[in-house]
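A.B. asks: Residue numbers (my numbering): 7 to 94.
Glycine is no exception: its CB is placed at the ideal position from the N, C-alpha and C atoms.
Note that this is a predicted model, so its numbers are computed, not measured.
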């Protein structure tokens with residue numbers, strides 16, 4: 007598995023974004039900030055799974071990324087509706 011410069015750059019940027027989102031998740035002053043950070047983390051993780059599929063040349067991981075993305079979206083919508091005051 008030979009990684010070129012673009013792949014290292016993508017992995018590094020995703021790692022930095024992951025750390026910044028984790029910081030906001032832990033230190034967010036409000037619940038809304040934490041929900042946005044959790045949603046951002048789920049997008050970064052979905053991208054990481056898709057990148058893993060590309061690096062390993064396996065389409066199975068794309069299915070996993072798709073299911074994870076849909077479940078993360080449903081969870082984010084449920085939490086947002088709960089915070090807003092509507093029914094989940």
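#1: Can the beta-carbon of residue 43 be found closer than 8 Å to that of residue 27?
#2: Where does residue 49 fall in DSSP's three states?
#3: Does the count of Cβ pairs from the segment 41 to 58 and the segment 81 to 91 closer than 8 Å reach three?
#4: Note down, in chain order, each residue of its chain lying with its Cβ closer than 7 Å to the Cβ of residue 30, except the 5 sequence neighbours on either side.
#5: Please classify residue 27: does DSSP put it in a helix, a strand, or coil?
C.D. replies: In brief:
#1: yes
#2: helix
#3: yes
#4: 39, 43
#5: helix
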